[in-house]
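Novice: Residue 16 is where the sequence shown starts when you use our numbering, and the numbers rise one by one after that.
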Amino acid sequence: MATPLPLRQVRSSGKPGPPPMPPAAVLAVPTNDQADHPRRLMRLRPMPVMHVPAAVFILTTLLLPVGAINGQNNLLFWIFGLAIATLVASGTIGAWTMASLVVERDPVSPVHVGEVTRITYRITNRSRVLPAFAVSISELSRRPWMPRSSRRPDPTWDGKLSRGVAFAEFIPCRGTVVVHALVAGIGRGMARLDTAEVWTTFPFGLSRKTILMAREQAVLVRPRAARLSPSAASMLSALLRGENQGASTHSGTGDEFHSLRDHSDGDPPGAIAWKRTATTGRLLVRQNARMLNRRVMIGIADLSRVTPAEAERTIAAAAGLVAAAAGLGLLVGLLGTATRDPLPPRLGSRPLEEVFDALARLDPSSEGPPLPPPGGVRSHLTLILDPARGPWGDGSARVLAPGDVLTPGTGESGMRAVRRGLAGRVLDTLASLLPVSEPDGALKGGGR
Numbered sequence: 016m017a018t019p020l021p022l023r024q025v026r027s028s029g030k031p032g033p034p035p036m037p038p039a040a041v042l043a044v045p046t047n048d049q050a051d052h053p054r055r056l057m058r059l060r061p062m063p064v065m066h067v068p069a070a071v072f073i074l075t076t077l078l079l080p081v082g083a084i085n086g087q088n089n090l091l092f093w094i095f096g097l098a099i100a101t102l103v104a105s106g107t108i109g110a111w112t113m114a115s116l117v118v119e120r121d122p123v124s125p126v127h128v129g130e131v132t133r134i135t136y137r138i139t140n141r142s143r144v145l146p147a148f149a150v151s152i153s154e155l156s157r158r159p160w161m162p163r164s165s166r167r168p169d170p171t172w173d174g175k176l177s178r179g180v181a182f183a184e185f186i187p188c189r190g191t192v193v194v195h196a197l198v199a200g201i202g203r204g205m206a207r208l209d210t211a212e213v214w215t216t217f218p219f220g221l222s223r224k225t226i227l228m229a230r231e232q233a234v235l236v237r238p239r240a241a242r243l244s245p246s247a248a249s250m251l252s253a254l255l256r257g258e259n260q261g262a263s264t265h266s267g268t269g270d271e272f273h274s275l276r277d278h279s280d281g282d283p284p285g286a287i288a289w290k291r292t293a294t295t296g297r298l299l300v301r302q303n304a305r306m307l308n309r310r311v312m313i314g315i316a317d318l319s320r321v322t323p324a325e326a327e328r329t330i331a332a333a334a335g336l337v338a339a340a341a342g343l344g345l346l347v348g349l350l351g352t353a354t355r356d357p358l359p360p361r362l363g364s365r366p367l368e369e370v371f372d373a374l375a376r377l378d379p380s381s382e383g384p385p386l387p388p389p390g391g392v393r394s395h396l397t398l399i400l401d402p403a404r405g406p407w408g409d410g411s412a413r414v415l416a417p418g419d420v421l422t423p424g425t426g427e428s429g430m431r432a433v434r435r436g437l438a439g440r441v442l443d444t445l446a447s448l449l450p451v452s453e454p455d456g457a458l459k460g461g462g463r
């Protein structure tokens with residue numbers, strides 16, 4: 016083990032030094048245990064919770080000695096002693112059980128609005144003697160009160176994710192159990208999980224023992240890919256066949272050579288025109304007519320002047336276009352703005368997920384109007400979503416309103432149906448079909 020160097024006294028030079036580090040920054044440095052276990056929730060403190068059965072039982076227990084003294088009934092004295100022993104055992108056993116638990120939260124995959132995902136917890140019982148029973152875990156939507164030096168950031172998942180509860184029936188000694196909380200996406204954006212409450216009413220259901228555990232974690236809620244209207248679906252099919260007037264004017268429908276363009280991310284190396292690249296000093300790519308018709312760039316107009324409901328409806332329409340175009344085999348990209356880089360059309364599922372992620376992070380109040388693609392508007396089939404149907408660029412792009420794309424009736428009422436119906440009935444159905452907990456056999460009886 017290395018010996019620490021002695022401190023040296025340094026004479027001040029009279030120049031102002033760096034500002035002192037605030038105490039909050041010092042407290043934010045993770046400990047060695049947190050760095051070794053990045054998924055482990057940090058134990059904060061026990062949280063007193065008023066449990067109605069406990070209050071009723073305590074009130075009944077306090078009335079027993081009154082009746083025993085007035086009636087001099089020995090049986091009431093025995094019942095009073097048994098009630099006191101039950102309260103002590105309930106509090107002691109439950110507190111001992113909760114003190115031995117370690118909880119980890121796995122990363123949560125992105126979810127679309129209206130779809131269901133699950134938050135996975137791994138509960139480890141470090142006790143060698145006492146197993147744990149009936150342990151529940153749920154995320155808190157508000158930050159609990161705590162001293163200023165140890166305050167946690169406010170969770171932001173409320174309004175973006177539905178509330179889910181994970182339940183473990185039995186956790187063996189020195190074993191680990193995996194449980195899942197089913198949640199549904201109900202609002203687009205970044206949802207941040209932080210503080211979770213872990214509680215149990217074991218052994219008698221009289222007192223609720225609750226502890227708080229925290230670890231900040233982000234969950235991306237992507238926009239709902241709304242169902243397209245028949246006219247919008249026909250338009251995409253026409254673009255794929257090259258029957259669109261704007262597309263057929265500038266390109267054919269076969270594999271013949273059409274033009275040269277600048278290289279963009281996702282272009283295959285075999286499409287590079289090496290001779291022209293060496294002559295011009297720029298990396299150029301051969302553009303065939305069929306591939307030109309398959310490249311679609313989608314942009315969203317400036318939404319800072321529309322209502323939030325109309326902005327979300329426009330983003331849902333863009334997500335529906337992205338999903339439908341990708342299902343037809345088109346290469347879909349997203350136009351950039353002054354604050355966001357464009358996403359060029361590329362093959363694969365990962366570029367498609369990047370487009371959905373960009374739509375999930377889109378801020379309608381600060382995005383601004385879309386910019387033309389790097390290769391020009393005529394090198395792609397460009398679709399602009401604009402509630403006002405305003406002009407854009409040189410007029411070669413097709414400007415669509417959300418009503419031109421979405422199925423009639425899809426809008427704010429459809430989002431309410433997702434929040435109320437899907438987040439309620441579907442969650443109940445899936446909860447009855449999926450297993451809530453499954454013991455990890457490799458870790459049973461073995462410790463970690």
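The beta-carbon is built from N, C-alpha and C at its ideal position, and this holds for glycine as well.
Between Ser-115 and Asn-85, how many whole angstroms is the CB-CB distance? I'm expecting something under 8 Å.
Specialist: The count along the sequence shown starts at 1 and reaches residue 115 at position 100. The count along the sequence shown starts at 1 and reaches residue 85 at position 70. Not confirmed; about 44 Å, so no contact.
Novice: Which value, in whole angstroms, describes the spacing of the CA atoms of Pro-417 and Gln-232?
Specialist: Residue mapping note: residue 417 aligns to position 402 of the sequence shown, counting from 1. Residue mapping note: residue 232 aligns to position 217 of the sequence shown, counting from 1. Near 33 Å, if we compare the C-alpha coordinates of Gln-232 and Pro-417.
Novice: How about Leu-90 and Leu-79: do their beta carbons lie closer than 8 Å?
Specialist: Residue numbering aside, residue 90 sits at position 75 when the sequence shown is read from its first letter. Residue numbering aside, residue 79 sits at position 64 when the sequence shown is read from its first letter. No, they are not a contact pair.
Novice: Skipping 5 residues on each side, what residues in its chain have a beta carbon closer than 6 Å to that of Met-113?
Specialist: Residue numbering aside, residue 113 sits at position 98 when the sequence shown is read from its first letter. The answer, listed in chain order, is Lys-224 and Ile-226.
Novice: Within its chain, find whatever has a CB closer than 7 Å to the CB of Ser-142; leave out the 5 residues flanking it on each side and keep chain order.
Specialist: Here the question's residue 142 lines up with position 127 in the sequence shown. Same-chain partners within the cutoff: Ser-115 and Cys-188.
Novice: Between which two residues does the alpha helix (DSSP H) harbouring Lys-290 extend?
Specialist: The count along the sequence shown starts at 1 and reaches residue 290 at position 275. For Lys-290, the enclosing alpha helix (DSSP H) stretches over residues 289-295.
Novice: Exposed or buried, what is Met-205 when buried is set at 16 or more other beta-carbons lying within 10 Å of its beta-carbon?
Specialist: Against the sequence shown, residue 205 aligns to sequence position 190. By the neighbour-count rule (16 or more Cβ atoms within 10 Å), Met-205 is not buried but exposed.
Novice: If you compare alpha carbons, which of Lys-290, Val-420, Ala-293 and Arg-297 is closest to Asp-277?
Specialist: By one-based count along the sequence shown, residue 277 stands at place 262. Nearest C-alpha to Asp-277: Arg-297.
Novice: Go ahead and label Val-126 buried or exposed: buried means 16 or more other beta carbons lie within 10 angstroms of its beta carbon, across all protein chains shown.
Specialist: Walking along the sequence shown from the start, residue 126 turns up at place 111. By the 10 Å Cβ count, Val-126 comes out buried.
Novice: Mapping DSSP to helix, strand and coil, what is Ile-186?
Specialist: Residue 186 sits at position 171 when you count from the first residue of the sequence shown. Note: Ile-186 maps to strand in three-state DSSP.
Novice: Are the beta-carbon atoms of Ser-381 and Thr-422 separated by less than 8 Å?
Specialist: Here residue 381 refers to the residue found at position 366 of the sequence shown. Here residue 422 refers to the residue found at position 407 of the sequence shown. Not a contact, by the Cβ cut-off of 8 Å.
Novice: Quick one: what's got a C-beta closer than 6 Å to Ala-69's C-beta in the same chain, skipping five residues either side?
Specialist: Locating residue 69 in the sequence shown gives position 54, where the first residue counts as 1. Excluding the 5 residues flanking it on each side, Ala-69 has same chain C-beta neighbours closer than 6 Å at Leu-221 and Ser-222, in chain order.
Novice: Rounded to whole angstroms, what is the Cα-Cα separation between Leu-243 and Val-420?
Specialist: Working through the sequence shown from its first residue, we reach residue 243 at position 228. Working through the sequence shown from its first residue, we reach residue 420 at position 405. For Leu-243 and Val-420, the gap between their C-alpha atoms comes out near 5 Å.
Novice: Rounded to whole angstroms, what is the Cα-Cα separation between Gly-348 and Pro-323?
Specialist: The residue labelled residue 348 in the question sits at position 333 within the sequence shown. The residue labelled residue 323 in the question sits at position 308 within the sequence shown. Distance between the alpha carbons of Gly-348 and Pro-323: 24 Å.
Novice: Go ahead and pull the three-state DSSP assignment for Asn-85.
Specialist: Along the sequence shown, one-based indexing puts residue 85 at 70. DSSP places Asn-85 in helix when its eight states are reduced to three.
Novice: Helix, strand or coil for Arg-310 per DSSP?
Specialist: Numbered from its first residue, the sequence shown carries residue 310 at position 295. Strand, per DSSP.
Novice: Please report the Cβ distance between Thr-215 and Val-150, rounded to the nearest whole angstrom; I am assuming they are in contact, meaning their Cβ atoms lie under 8 Å.
Specialist: Within the sequence shown, the letter at position 200 stands for residue 215. Within the sequence shown, the letter at position 135 stands for residue 150. With a Cβ gap of about 5 Å, Thr-215 and Val-150 count as contacting.
Novice: Based on the DSSP secondary-structure assignment, which residues constitute the bridge partners of Thr-207?
Specialist: What you label residue 207 is simply residue 192 of the sequence shown in a count that begins at 1. First, the residue type needs correcting, since residue 207 is Arg and not Thr in the sequence shown. Answer by DSSP bridge pairing, in chain order: Ala-233.
Novice: To the nearest angstrom, how far is the alpha carbon of Leu-318 from that of Leu-346?
Specialist: The sequence position of residue 318 within the sequence shown is 303, counting from 1. The sequence position of residue 346 within the sequence shown is 331, counting from 1. C-alpha separation (whole angstroms): 25 Å.
Novice: Within this structure, are the beta carbons of Pro-238 and Ile-330 separated by less than 8 Å?
Specialist: As a position in the sequence shown, residue 238 is number 223, starting the count at 1. As a position in the sequence shown, residue 330 is number 315, starting the count at 1. Here Pro-238 is near Ile-330, since their CB atoms are less than 8 Å apart.
Novice: Kindly indicate which three-state DSSP category Trp-111 falls into: helix, strand or coil?
Specialist: For this step, residue 111 is matched to residue 96 along the sequence shown. Reduced to three states, the DSSP call for Trp-111 is helix.
Novice: Would you give the residue range spanned by the alpha helix (DSSP H) that Ile-201 belongs to?
Specialist: In the sequence shown, counting from the first residue as 1, residue 201 sits at position 186. Segment: none, Ile-201 is in no alpha helix (DSSP H) and carries neither H nor E.
Novice: Using 10 angstroms around the beta-carbon of Ala-229, count the other beta-carbons present and answer buried if the total reaches 16, otherwise exposed.
Specialist: Translated into the one-based positions of the sequence shown, residue 229 becomes position 214. Buried, by the Cβ-count rule.
Novice: Between the beta-carbon of Ala-333 and the beta-carbon of Ile-313, is there less than 8 Å?
Specialist: Indexing the sequence shown from 1 puts residue 333 at position 318. Indexing the sequence shown from 1 puts residue 313 at position 298. In this structure, Ala-333 sits near Ile-313, with a CB-CB distance shorter than 8 Å.
Novice: By DSSP's criteria, Trp-93 is part of a beta bridge. Which residues make up the other side?
Specialist: Locating residue 93 in the sequence shown gives position 78, counting from the first residue. As far as DSSP is concerned, Trp-93 takes part in no beta bridge.
Novice: Please classify Pro-359 as buried or exposed, where buried requires at least 16 neighbouring CB atoms within 10 angstroms.
Specialist: As a working note, residue 359 is residue 344 in the sequence shown. Buried, by the Cβ-count rule.
Novice: Could you tell me if Asp-169 is buried or exposed, where buried requires 16 or more neighbouring beta carbons within 10 angstroms of its beta carbon?
Specialist: Residue numbering aside, residue 169 sits at position 154 when the sequence shown is read from its first letter. With fewer than 16 other Cβ atoms within 10 Å, it is exposed.
Novice: Thinking C-alpha only, which one of Arg-365, Trp-172 and Val-198 is nearest Ala-181?
Specialist: Taking the first residue of the sequence shown as position 1, residue 181 is located at position 166. For Ala-181, the nearest C-alpha among the options comes from Val-198.
Novice: Could you say which of Thr-107, Gly-335 and Ala-196 lies nearest to Glu-212 if we only look at CA atoms?
Specialist: Counted from its first residue, the sequence shown places residue 212 at position 197. Checked all of Thr-107, Gly-335 and Ala-196; the closest Cα to Glu-212 is Ala-196.
Novice: Give me the DSSP bridge partner(s) of Glu-212.
Specialist: Reading the sequence shown from its first residue, position 197 is the one you call residue 212. Secondary-structure assignment with DSSP links Glu-212 through a beta bridge to Ser-153 and Leu-227.
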